[in-house]
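Chains as they are written, first to last, in the working numbering: chain Y, 1 to 493; chain X, 1001 to 1353.
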Ligand SMILES: [Zn+2]
């Protein structure tokens, strides 16, 4: 193979001068036609690892990704860097759109696809003839039953890979312990894959946990922090109602320009809020976990968890959205003992419950032999999440009869619940244990930590690093409509 | 009471206790069935047709419970009625937050959304390209909208370069919004939502907050501005060529069921109801239903050949006097009219707003 100047390609297509940790090694491994398993922590540019090879390899880069909204963001971001040959195939597409895309498949270079779409024989047969040079499995930890975010559709990726004639494969993840990594390679049938594992540690992010008595005290402390800390910041909540409420309080008190972001917003509003945050029109995002993925903002200075996440992996992903520019940032978790019960509830909510199963069974019975099945398959009924719906269908379709379905489904849920509860316990232990936070968290990933100046609340943090430099501007002016229209249409020469 | 509640109450009031709660829900959500369309037109509610297309059944039911609790409405098995207390509160709310006169949900039901999606994306693209930035996050992600806009830009770019196109678009928007402002309205309620180069628009809730409205009211006001713009543009297409080109191929099509279309074809061949029924092997009453549907859908359709003008006039007087849409009561008043005639008159002459 002729030697390529990867830096030049990086500059030309992505306008970056140099690679971040790990990127170049992973890209080279792929270009040398090695199956590759790469673990790069959140916020360090995973997607570049398959996007750049796209400009060197002749064929299509097929990217499997489980998160629909993230997929849309990634497609738009590729378009941003001037790449028009990019598309997402998922259940958002209408039938006509899907047909159009499949017919023009050779016009695309980067194809994002959701795992359930790979169960579709028509799609597989088109992809099989489409010259795929690289299969990318993003969020590859979803393959593992031991992982915090297991998706049964991912289990079939090994078979899918065979059907696609075993293309060169890159499995990417931000968090995976040893057993999960083994699972990934085994399932994808890439046991000879080269592994590139980079530290989960983000030394420029200080870790702080504050144990707090009750809700009112938490709220007071949050207000205090928002008032003191240099933005921009993201505050994570487990409910959209709380996110709304507290954004309103922050705005009312005039201590920041806040907005609330959650999955309940329609897409246009979500895009506007992301952009406002990016251009610093708002500096505090009160968000649920729906926010952050795909938001490439370099200068987020703090992450506050008003409610804790459900496991260590999600925590690391969420705090990873701070300090992408490498500058000092801080992650603060406000924890009260009551939170544990809330978290347990949320865990149970993530999976279908008995009522859901019964409802589903009745639905199937009443539409037996009817086409209703196909129509409702991609549209969850009210009261069901996408994940619920997908799981129910998945198990229904792989069972011989309803009785078997009920049994399999129930036992699956039981086992997922117990794994998720263990994961929660792990997080809770980390919060309540004493000792260096960084050391403790890295220990869970079989890693040693290096010494960091502003490490954690246990080792001591100099808060002056994170305090507001200058008072924030008092709310932005509402422009007169003529001025705003003029400024939208005004051109720099 | 938020404005969603107000709108529900408004529909209930207009229905005069003659329709069910489902009829209210379908009207607000904009169900395209001939029953809902008939309700909208007979009861002068076509302007609020499809006013909240995303309304969920659960949300609606919550509102109904609230209204019952407040004793603003009374539910019985089949219908829903507004109370005096409800009527009083409705009047007060509408005084403070009037339904914008420009609102015309029925006429613009399919076009308004498209108009906004296309326009907002075009403005954003023109603004960014004008500043040499082709790397921006499009505010509209809909596949067809993006494709359509691409084609639109391509077509106009063969005529004007990007500077001129931008100037012209700016000029058209400035003109139409100034005209709107002269009606003592605030164009910023529209402009604040536009996104341009490095200046994302505000969200619905942000704007509602700034202008101290509830979000439901802002949604209605925003939509009414869009309706205003489309009305003006359609009246003066030569003055607004760019804006007009956003909607000119979007026919406000008259959607008839297949069977009704066949009937219409025969009507145009001057066949009588009897003849049509015979040809089509259908009951006469079915053909009558078709003719009512046509009258509802097509304001230009004449009913004189089915009801003579004198009877039409008597029915109209009776409707006004009795203030009802109950066929039976109207028939009692105008004994020589049949039900078909009454339905046609209601469909043809109900004050559409
Ligand atoms: Zn430490």
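Glycine included, each C-beta is placed from N, C-alpha and C at the ideal position.
Contact annotation: the stretch 163-172 of chain Y touches the stretch 130-138 of chain Y, with at least three C-beta pairs closer than 8 Å. The alpha-carbon separation between residue 258 (chain Y) and residue 447 (chain Y) amounts to approximately 37 Å. Contact residues of the stretch 1167-1184 of chain X toward chain Y are 1170, 1173, 1174 and 1177 (C-beta to C-beta distance below 7 Å). Three or more Cβ pairs closer than 8 Å define a contact, and the stretch 34-44 of chain Y falls short of that threshold against the stretch 1106-1120 of chain X. Not one beta carbon of chain Y lies nearer than 8 Å to the beta carbon of residue 1225 (chain X).
A contact between stretches requires three or more CB pairs, one per stretch, nearer than 8 Å, and the stretch 210-218 of chain Y fails this requirement with the stretch 280-297 of chain Y. With a cutoff of 8 Å on beta-carbon distance, residue 1197 (chain X) and residue 1128 (chain X) are scored as near each other.
Taking 8 Å as the cut-off, the beta carbon of residue 64 (chain Y) is found closer than this to the beta carbon of residue 113 (chain Y).
The residue among X:1329, X:1319, X:1333 and X:1222 with its C-alpha nearest the C-alpha of residue 1350 (chain X) is X:1319. With a threshold of 8 Å between beta carbons, residue 281 (chain Y) makes contact with chain X. When beta bridges are read from the DSSP output, residue 1319 (chain X) appears opposite no residue.
Flagged as an interface residue toward chain X: residue 82 (chain Y), by a C-beta distance shorter than 8 Å.
The stretch 1234-1251 of chain X makes no contact with the stretch 1019-1028 of chain X; the number of CB pairs closer than 8 Å stays below 3.
For residue 439 (chain Y), the shortest separation between its Cβ and any heavy atom of ligand 1 lies below 7 Å. In summary, no residue of the stretch 308-324 of chain Y has a CB separated from any CB of chain X by less than 8 Å.
For residue 1165 (chain X), same chain residues with a beta-carbon under 6 Å away, outside a window of 5 residues either side, are 1156 in chain order.
Secondary structure note for residue 1343 (chain X): its alpha helix (DSSP H) is the uninterrupted segment 1339-1349. Take residue 227 (chain Y), set aside five residues on each side of it, and the residues of its chain with a beta-carbon closer than 7 Å to its own are 255, in chain order. With contact defined as three or more Cβ pairs closer than 8 Å, the stretch 189-209 of chain Y and the stretch 329-340 of chain Y are in contact.
The way I'd put it, the stretch 75-95 of chain Y does touch the stretch 103-123 of chain Y; three or more beta-carbon pairs between them come closer than 8 Å. Residues of chain X whose Cβ lies closer than 7 Å to the Cβ of residue 393 (chain Y) do not exist; the shortest such Cβ separation is about 23 Å.
Residue 38 (chain Y) has Y:172 and Y:196 as its beta-bridge partners, per DSSP. Taken atom to atom, the span from the alpha-carbon of residue 337 (chain Y) to that of residue 391 (chain Y) is near 32 Å.
Within chain Y, the C-beta atoms nearer than 9 Å to that of residue 1134 (chain X) come from 80 and 82, in chain order. By the rule that beta-carbons nearer than 8 Å mark a contact, residue 1233 (chain X) does not touch chain Y. Look at residue 302 (chain Y) here: in three-state DSSP terms it is strand. Per DSSP, the continuous alpha helix (DSSP H) segment holding residue 1040 (chain X) begins and ends at 1034-1042.
Annotation for residue 1085 (chain X): 1071 and 1072 place their beta carbon closer than 7 Å to its own, counting only its chain and skipping 5 residues before and after.
Using a CB distance cut-off of 8 Å, residue 1201 (chain X) counts as an interface residue toward chain Y. X:1337 is the residue among X:1293, X:1303 and X:1337 whose C-alpha sits nearest the C-alpha of residue 1314 (chain X). Looking at the DSSP output, residue 137 (chain Y) sits in a beta bridge with Y:64 and Y:171.
DSSP links residue 110 (chain Y) through a beta bridge to Y:61 and Y:86. In the displayed model, residue 1297 (chain X) falls within a helix according to three-state DSSP.
In the structure shown, residue 1151 (chain X) adopts helical secondary structure according to DSSP, grouped into three states. Non-local C-beta neighbours of residue 1136 (chain X) in its own chain, meaning closer than 6 Å and more than five positions away in sequence, comprise 1128, ordered along the chain. With respect to residue 1207 (chain X), residue 1189 (chain X) sits close: the two C-beta atoms are nearer than 8 Å.
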